[in-house]
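Numbering (UniProt numbering), first residue to last: 1 to 180.
Quick look at the structure:
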C-alpha cells in the first residue's frame, strides 16, 4: 500500500513539472474578443497533502455577435407610429453591425420589418417593408454591400408583444436584424 502512495506522489509531481513547462502568453498579448481561463487542482490521500498547480491556460475566441455586452447584441430598431424613419439613437448600433459585416465577409443579414396591429394587412406589409429598407439604407451608407442584405416584411403577423395598448404597440413597431 505504501508503494502506491509513493507512485501517486511521483506521478503528481511529474504532472506538476510538465504543467509548469507549458507556455503562457506574454502580458499584454491578450487581444480583444478573447477570454483566458486558468485552473489548479489539489488532492490528498491518507492524510498526506499533495498539491499540484496545473495552471492550464486556455484562450477562447468569443464572437462579438454572441457577446451580450457587445453593441451587436442589440438587433432591433424601433419606430414611431406610421413612421419608417430611423432615429439617430440607432446610429451607433447600426455602425457596429456595419463594422461586423465588413470584417466578416461570410455573414449576411435579413432585416425583418414589423408593425403593430393597427391598420390593414396591406398597409402594414408595405410599412414593414419600408422599415426594413430604411435600416438597409443606413447600413449601405456605412459601406455594407446591398448584395449581403435582404429586406422582408411581416407586417403585423409577428408581434413581439401581445396586447392592444401603447406599450405592446411600441414593441411591435420595429425592424429586426437576423444574421445568417
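Backbone N, C-alpha and C fix where the C-beta goes; we use that ideal spot for every residue, glycine too.
Note that the coordinates shown come from a computational prediction; the quantities given were computed from them, not determined experimentally.
The C-alpha of residue 126 is placed about 22 Å away from the C-alpha of residue 165. Going by beta carbons, residue 139 and residue 80 fall outside the 8 Å limit.
Bridge pairing for residue 155: 114 [DSSP]. In the structure shown, residue 87 falls within a coil segment according to DSSP collapsed to helix, strand and coil. If you draw a straight line from the Cα of residue 146 to the Cα of residue 162, it comes to about 33 Å. Taking a cut-off of 8 Å for Cβ pairs, the segment 152 to 161 and the segment 119 to 135 touch, as three or more such pairs fall below it. In the structure shown, residue 77 falls within a strand segment according to DSSP collapsed to helix, strand and coil. Between residue 111 and residue 95 the beta-carbon gap is near 15 Å, outside 8 Å, which marks them as no contact. Counting along the chain, residue 174 sits inside no alpha helix (DSSP H); it lies in the beta strand (DSSP E) bounded by residues 174 to 179.
Scanning 120, 167 and 141 for the CA closest to the CA of residue 157 turns up 120. Boundaries of the alpha helix (DSSP H) harbouring residue 135: 121 to 141, taken from the DSSP string. Of the residues assessed, residue 66 falls on the exposed side of the cut-off, its CB having fewer than 16 other CB atoms within 10 angstroms.
Each residue's CA atom was taken as its position, placing residue 160 and residue 143 some 30 Å apart.
By the CB criterion at 8 Å, residue 116 and residue 180 fall outside the cutoff.
By the criterion of a C-beta distance shorter than 6 Å, residue 108 is surrounded in its chain by 148 and 180, once the five residues flanking it on both sides are discounted. Looking at the DSSP output, residue 149 bridges to 109. Taking 8 Å as the cut-off, the Cβ atoms of residue 76 and residue 134 do not count as close.
At a Cβ-Cβ threshold of 8 Å, residue 64 and residue 100 count as neighbours. Straight-line measurement puts the Cα of residue 113 at about 24 Å from the Cα of residue 105.
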